[in-house]
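Student:
There are 2 protein chains.
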Amino acid sequence: MQLSVLDEPDHGYLIAPDPARAGLSRCVAGHDEAGRPVETRVVEERPLTIYLNAREIVTAMTIGDYPEYLALGFLANQGMLAAAEEVTGVEYDAELEVVVVRTAVETDHEAKLQKKTRTSGCAVGTVFGDMMAGLEGRQLPAAELRTSWLYALSHRINRTPSLYLEAGAIHGTVLCRQDRPLVYMEDVGRHNAVDKIAGWMRAEGVGPEDKILYTTGRLTSEMVIKTALMGIPVLASRSGFTAWGVEIANQVGLTLIGRLKGKRFTCLAGESRLVRDADMAVVPEEGRRHRRKGASE
Amino acid sequence: MQLSVLDEPDHGYLIAPDPARAGLSRCVAGHDEAGRPVETRVVEERPLTIYLNAREIVTAMTIGDYPEYLALGFLANQGMLAAAEEVTGVEYDAELEVVVVRTAVETDHEAKLQKKTRTSGCAVGTVFGDMMAGLEGRQLPAAELRTSWLYALSHRINRTPSLYLEAGAIHGTVLCRQDRPLVYMEDVGRHNAVDKIAGWMRAEGVGPEDKILYTTGRLTSEMVIKTALMGIPVLASRSGFTAWGVEIANQVGLTLIGRLKGKRFTCLAGESRLVRDADMAVVPEEGRRHRRKGASE
Chain Z
7 MQLSVLDEPD HGYLIAPDPA RAGLSRCVAG HDEAGRPVET RVVEERPLTI YLNAREIVTA
67 MTIGDYPEYL ALGFLANQGM LAAAEEVTGV EYDAELEVVV VRTAVETDHE AKLQKKTRTS
127 GCAVGTVFGD MMAGLEGRQL PAAELRTSWL YALSHRINRT PSLYLEAGAI HGTVLCRQDR
187 PLVYMEDVGR HNAVDKIAGW MRAEGVGPED KILYTTGRLT SEMVIKTALM GIPVLASRSG
247 FTAWGVEIAN QVGLTLIGRL KGKRFTCLAG ESRLVRDADM AVVPEEGRRH RRKGASE
Chain D
7 MQLSVLDEPD HGYLIAPDPA RAGLSRCVAG HDEAGRPVET RVVEERPLTI YLNAREIVTA
67 MTIGDYPEYL ALGFLANQGM LAAAEEVTGV EYDAELEVVV VRTAVETDHE AKLQKKTRTS
127 GCAVGTVFGD MMAGLEGRQL PAAELRTSWL YALSHRINRT PSLYLEAGAI HGTVLCRQDR
187 PLVYMEDVGR HNAVDKIAGW MRAEGVGPED KILYTTGRLT SEMVIKTALM GIPVLASRSG
247 FTAWGVEIAN QVGLTLIGRL KGKRFTCLAG ESRLVRDADM AVVPEEGRRH RRKGASE
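If you read the protein sequences in the order shown, they are chains Z and D. Sequential numbering from 7 applies to the first sequence in my numbering. Sequential numbering from 7 applies to the second sequence in my numbering.
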């Protein structure tokens, strides 16, 4: 089903943010600098406990949408759910705030659970097991990256109605192909957003080789590793870099685009994929109202 | 020693960022949108493994400064190092990237290590044990919070030379008293920055009751919980809120100030501490060049 959707000309999102959706944000009463009462819309943040078969793996703090995708993607990105592994069911219990992923063959992740690394990413700053596991010798597929796509994606994503624009304090990650944003996930931590995308790709059987991952967040080692493990050859962000993120991107052949704002961007890895086809004369500068300020830090 | 320093009139930082310090950032070669070679300064991100006595607790990704404070503060904020517990030594091995905290009496944190919660904070999105443990019935001390202090702090902190201004992609947290920033820590994750401040307070025997904690990041549940556990009655940020963060702040009586930019801020909890003494006519609006954009998301 996805392939046909992906092949048709319609350039709409397959999944877009739904800022009006009940339960993702709420109005909170407070006061402003002058003591005037204000009603402020703030994002929700609720626990979701992920089980793999009978084993409790982790409790994530999340806005709460797409729990099944979050659980699938988290387990996949942590190497706890091999691509070959057969998922027999994903059950979400909203009342218990629990999601259970069931596999045909139960595996023991005791060892993985022993080793914890706090990473530099937002909100999912934990990687079980060896962060670099699965990256040895991995080279991401050759792919073309046209600058016209980057500018079109950045322009469209910044103008897409989102919880960020409604309430701030939230990250966004968008799975794209060429100049088309396909799946736009948001969460209190951008790593939840990335995991939701990984879960969607796995559930829908969508391949990574021709995709671009766009994130509002920083290009830390964890983001680079997740993107590489997902097999996506391009990671773009309006935000900045860390040195180790750049090193890993170079090791695995990932194209790393940062500080993508208006006409400007910096490429610190995988330059060879870039095709500078954009007519810079028509690329708009970033409008003030579309700048992300501190609210999503 | 700290008390005398805190009592003297000098309004300088006790610890300020040192962006020129070797090893915290490096220049990386890349290309800009037009294909021009660029040299970009990016922050480092390196592992630091924290031991409590003989037990390996966690590996943190950090820029690498103040490893002893980071280890002490992390263990204290995770409830693994009670205020009463005697620390007999903190040993850092730069080559092994390991820091060992030794206590007079060894404690077993096996139980705590079993439960992991991925939180919404940056970079230290892990809390061992029950996040809320230690918060039951806790009420933070009464304290006055003058708006003139908030504006003075925001103004000074935004103009302090920092790794953020040099390289971006980094968070800052500042321990303040009245209108004076005392200790300004930065890290790839703001939770490392908070832990470094907690470690400094513990090592120097500095009390929390008259302090203000300022962060560049979002006011998530984890940030609110850490601040409350540290006993600091005021948490201020230029960034936004989450609903659960506001709820917890109200429960423990923490004053929560968000979206603090130029003349503007929003108070969503602990309004009673606010004293609006600032002459709004002289409070400057935030200058363009001092806005934090996406780089520290």
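Just so it is clear, CB atoms sit at the ideal spot from N, CA and C, and this is done for glycine as well.
I need the DSSP call for S154/D, collapsed to helix, strand or coil.
Tutor: Reduced to three states, the DSSP call for S154/D is helix.
Student: At a Cβ cut of 8 Å, what residues of the region 158 to 173 of chain Z count as close to chain D, listed as they run along the chain?
Tutor: So the list reads A173, given in the order they occur along the chain.
Student: Whole angstroms is fine: what's the gap from G264/D's alpha carbon to A77/Z's?
Tutor: Taking the straight line joining both Cα atoms gives about 31 Å.
Student: Could you tell me the boundaries of the beta strand (DSSP E) in which V111/D lies?
Tutor: That residue, V111/D, is in no beta strand (DSSP E); it is neither H nor E in DSSP.
Student: On a CA-only basis, which of M286/Z, E228/Z, V93/Z is nearest G211/Z? Give me that one, please.
Tutor: The candidate whose alpha carbon is nearest that of G211/Z is V93/Z.
Student: What is the DSSP secondary structure of D99/Z, counted as helix, strand or coil?
Tutor: Residue state, collapsed to three classes: strand.
Student: A149/Z to E215/Z, Cα distance in whole Å?
Tutor: So the alpha carbons of these two residues sit roughly 8 Å apart.
Student: Work out the CA separation of M229/Z and M236/Z for me, nearest whole Å.
Tutor: C-alpha separation (whole angstroms): 11 Å.
Student: DSSP state of Y170/D, grouped into three classes?
Tutor: Y170/D falls in the helix class under three-state DSSP.
Student: Quick check: the Cα distance between G18/D and E291/D, rounded to an integer number of angstroms?
Tutor: Straight-line Cα distance between these residues: approximately 23 Å.
Student: Is it right to say P306/Z is buried, meaning 16 or more other beta carbons lie within 10 angstroms of its own, or is it exposed?
Tutor: A question about residue 306/Z goes unanswered here, because the residues of chain Z that appear run from 7 up to 303.
Student: Give the interface partners of R32/D over in chain Z, defined as CB-CB distance under 7 Å, in chain order.
Tutor: Within 7 Å Cβ-Cβ: A249.
Student: Quick check: the region 25 to 43 of chain D against the region 79 to 99 of chain D, are there 3 or more CB pairs under 8 Å?
Tutor: Not touching, per the Cβ criterion.
Student: Do you know how far the Cα of A22/Z is from the Cα of L165/Z?
Tutor: For the record, residue 165/Z in the displayed sequence is Arg; it is not Leu. Approximately 12 Å between the Cα atoms of the pair.
Student: Show which residues of chain A have a CB atom less than 8 Å away from the CB atom of K269/Z.
Tutor: Within the model displayed, chain A is absent; protein chains Z and D are what it includes.
Student: Mind checking G276/Z: buried by the 16 CB within 10 Å criterion, or exposed?
Tutor: The residue is buried, with at least 16 neighbouring Cβ atoms inside 10 Å.
Student: Can a CB atom of chain D be found closer than 7 Å to the CB of C273/Z?
Tutor: Closer than 7 Å: yes.
Student: How is K267/Z classed by DSSP in three states: helix, strand or coil?
Tutor: Strand at K267/Z.
Student: Compare the C-alpha of E172/D against each of E50/D, D38/D, A40/D and name the closest.
Tutor: The option with the nearest alpha carbon to E172/D is E50/D.
Student: For the region 38 to 60 of chain D, enumerate the residues whose C-beta is nearer than 8 Å to any C-beta of chain Z, in chain order.
Tutor: Hits within the stretch, in order: D38, E39, A40, G41, V44, T46, V48, V49, E50, E51, R52, P53.
Student: Would you say A82/D reaches chain Z, if we count a Cβ-Cβ gap shorter than 7 Å as a contact?
Tutor: Not an interface residue.
Student: Does S227/Z come within less than 7 Å of chain D when only Cβ atoms are used?
Tutor: With 7 Å as the cut-off, S227/Z counts as an interface residue toward chain D.
Student: Helix, strand or coil, according to DSSP, for D216/D in the structure here?
Tutor: Here D216/D sits in coil by DSSP.
Student: Under 7 Å, do P53/Z and T65/Z count as touching if we go by C-beta distance?
Tutor: Yes, these two residues count as a Cβ contact at 7 Å.
Student: Does any C-beta atom of chain Z lie closer than 7 Å to the C-beta of R27/D?
Tutor: Judged by the 7 Å Cβ criterion, R27/D is not in contact with chain Z.
Student: So which residues of chain Z does G85/D contact, with C-beta pairs closer than 7 Å?
Tutor: Within 7 Å Cβ-Cβ: nothing; G85/D doesn't reach chain Z, min ~16 Å.
Student: Would you give the residue range spanned by the beta strand (DSSP E) that M207/D belongs to?
Tutor: That residue, M207/D, is in no beta strand (DSSP E); its alpha helix (DSSP H) goes 196 to 210.
Student: Quick check: F247/D and V48/Z, are their CB atoms within less than 7 Å of each other?
Tutor: Result yes, Cβ atoms of F247/D and V48/Z sit closer than 7 Å.
Student: My output table needs one value for I286/Z: the three-state DSSP class, helix, strand or coil.
Tutor: The identity of residue 286/Z in the sequence shown is Met, whereas the question assumes Ile. Here M286/Z sits in coil by DSSP.
Student: Is it buried or exposed, M286/Z, if we count other Cβ atoms within 10 angstroms and call 16 or more buried?
Tutor: Looking at its Cβ environment, which holds fewer than 16 other Cβ atoms inside 10 Å, M286/Z is exposed.
Student: Would you give the residue range spanned by the beta strand (DSSP E) that L81/D belongs to?
Tutor: From DSSP, L81/D is part of no beta strand (DSSP E) but of the alpha helix (DSSP H) over 73 to 83.
Student: Have a look at R208/Z and L188/Z and give me their C-alpha separation to the nearest angstrom.
Tutor: Cα to Cα, the separation comes out at about 15 Å.
Student: Please tell me whether R108/D has its Cβ less than 7 Å away from any Cβ of chain Z.
Tutor: No, its Cβ sits nowhere closer than 7 Å to a Cβ of chain Z.
Student: What are the boundary residues of the alpha helix (DSSP H) that G251/D is part of?
Tutor: That run of the alpha helix (DSSP H) goes 249 to 258.
Student: Near V289/D, what residues of its chain come up, given a Cβ to Cβ distance below 8 Å and the 5 sequence neighbours on each side ignored?
Tutor: For V289/D, where only same-chain residues beyond five positions count, the Cβ hits under 8 Å are Y157, G268, K269.
Student: Where S227/D and A199/D are concerned, what is the direct C-alpha to C-alpha distance, given to the nearest angstrom?
Tutor: Using only the alpha carbons, I get a separation of about 16 Å.
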